[in-house]
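Sequential numbering from 40 applies to the sequence shown in the numbering used here. Input: a single structure, listed below in structure tokens.
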Amino acid sequence: MTLFAAGWGCSGGNLRGMQTWDAITSRRNVRDFADRPIPAADLDRILEAGRRTPSSQNWQPWDFVLVTDRAQLAELSRVFSGAYHVAQSAATIAIVGPTADNPFRRAQFDLGQAAMSMELAAADLGIGSCHAGVADMTLARQVLGLPADRDWAILLSLGYPASRPLTPVRSPKRRPFDEVVHRGRW
Ligand SMILES: Cc1cc2nc3c(=O)[nH]c(=O)nc-3n(C[C@H](O)[C@H](O)[C@H](O)COP(=O)(O)O)c2cc1C
Numbered sequence: 040m041t042l043f044a045a046g047w048g049c050s051g052g053n054l055r056g057m058q059t060w061d062a063i064t065s066r067r068n069v070r071d072f073a074d075r076p077i078p079a080a081d082l083d084r085i086l087e088a089g090r091r092t093p094s095s096q097n098w099q100p101w102d103f104v105l106v107t108d109r110a111q112l113a114e115l116s117r118v119f120s121g122a123y124h125v126a127q128s129a130a131t132i133a134i135v136g137p138t139a140d141n142p143f144r145r146a147q148f149d150l151g152q153a154a155m156s157m158e159l160a161a162a163d164l165g166i167g168s169c170h171a172g173v174a175d176m177t178l179a180r181q182v183l184g185l186p187a188d189r190d191w192a193i194l195l196s197l198g199y200p201a202s203r204p205l206t207p208v209r210s211p212k213r214r215p216f217d218e219v220v221h222r223g224r225w
């Protein structure tokens, strides 16, 4: 993604830095996807971004299940009411982790980082993404063929936006900067 006109909030004007910042500011949750496949090389790049994610003691507690089959996507979308967008996605990556009671819940943190790495890699390619929780883990296990020692997962649906291509979001719906950021002390 190259949005040279963006030109805000980026120090130094470095081209690579600009591209990273563009991906960060352009990423938003996309739930309406165009009926257009994502090239296999781009899907692999997104997955590679996940694989490169740092993790506690480098234990890499994640596995990624890539789903592109339309019927399987429809079935997978039934795991949670908030996962409806999975059915229409060009691809969905199930990010699968170990049991949720791991010490310090560090796996959840690591998988969250992997999700964000993949979201930014997708945004960089102009590909939208959206999370979905998994409420019916039994159905997810059945659809994805998960092993018995994996008991939670989150879904990341992917696709080109049906409307509004990814461009920097000027006013994100977020708490104000000065309310969130504390300098030195709360
Ligand atoms: C851990 C997590 C779980 C989420 N689960 C869902 C979900 O089940 N369904 C959904 O449509 N969006 C889900 N979202 C997306 C959030 O609603 C979204 O990130 C938030 O509203 C901000 O949207 P924006 O980044 O487009 O501004 C989830 C996000 C996170 C981080």
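We put the CB at the ideal spot given by N, CA and C, even for glycine. What you are looking at is a predicted structure, and each value in this text was computed from that prediction instead of being measured.
Inter-residue CB distance, residue i and residue j (contact presumed, cutoff 8 Å)
{"i": "A201", "j": "A73", "result": "5 Å"}
{"i": "A146", "j": "G136", "result": "5 Å"}
{"i": "I226", "j": "L150", "result": "Missing from the structure shown is residue 226; the chain here goes from 40 to 225 and no further."}
{"i": "A130", "j": "I77", "result": "6 Å"}
{"i": "V182", "j": "E114", "result": "5 Å"}
{"i": "C169", "j": "R70", "result": "5 Å"}
{"i": "T64", "j": "V219", "result": "About 16 Å; that fails the 8 Å criterion."}
{"i": "A160", "j": "R84", "result": "6 Å"}
The alpha helix (DSSP H) enclosing residue i, as first and last residue numbers
{"i": "L82", "result": "A79 to R90"}
{"i": "D163", "result": "R145 to D163"}
{"i": "T177", "result": "M176 to L183"}
{"i": "L205", "result": "First-last for L205: undefined, no H or E at that position."}
{"i": "L72", "result": "Before going further, note that residue 72 is Phe rather than Leu in the sequence given. Taken as a continuous stretch (DSSP letters only), F72 belongs to no alpha helix (DSSP H), as it is neither H nor E."}
{"i": "A110", "result": "R109 to L115"}
{"i": "D217", "result": "F216 to V219"}
Nearest residue (CA-CA) to residue i, options the options
{"i": "D108", "options": "S196, G223, E158 and S95", "result": "S196"}
{"i": "R66", "options": "R75, A154 and R224", "result": "A154"}
{"i": "L36", "options": "V208, W225, A171 and A187", "result": "Nothing can be reported for residue 36: it is not among the residues displayed for the chain, which extend from 40 to 225."}
{"i": "L105", "options": "D81, L164 and K212", "result": "D81"}
{"i": "F119", "options": "T92, G89, Q96 and W191", "result": "W191"}
{"i": "F148", "options": "S128, I63 and P93", "result": "P93"}
{"i": "D175", "options": "S116, N97 and N68", "result": "S116"}
{"i": "P186", "options": "R224, W225 and D102", "result": "D102"}
{"i": "N68", "options": "Q58, L194, H221 and R214", "result": "L194"}
{"i": "E158", "options": "G223, L205 and D188", "result": "L205"}
{"i": "H124", "options": "Y199, T59 and Q96", "result": "Y199"}
N- and C-terminal bounds of the beta strand (DSSP E) containing residue i
{"i": "L197", "result": "W191 to G198"}
{"i": "A133", "result": "A130 to G136"}
{"i": "A171", "result": "G167 to A171"}
{"i": "V104", "result": "D102 to V106"}
heavy atom of ligand 2 below 6 Å from residue i C-beta
{"i": "P211", "result": "This structure lacks ligand 2; the ligands present are ligand 1."}
field: Within 5 Å of ligand 1: residues by beta-carbon to any heavy atom
entry: A residue is listed when its beta-carbon falls short of 5 Å from at least one non-hydrogen atom of ligand 1; in chain order these are R67, N68, G121, H170, A171 and G172.
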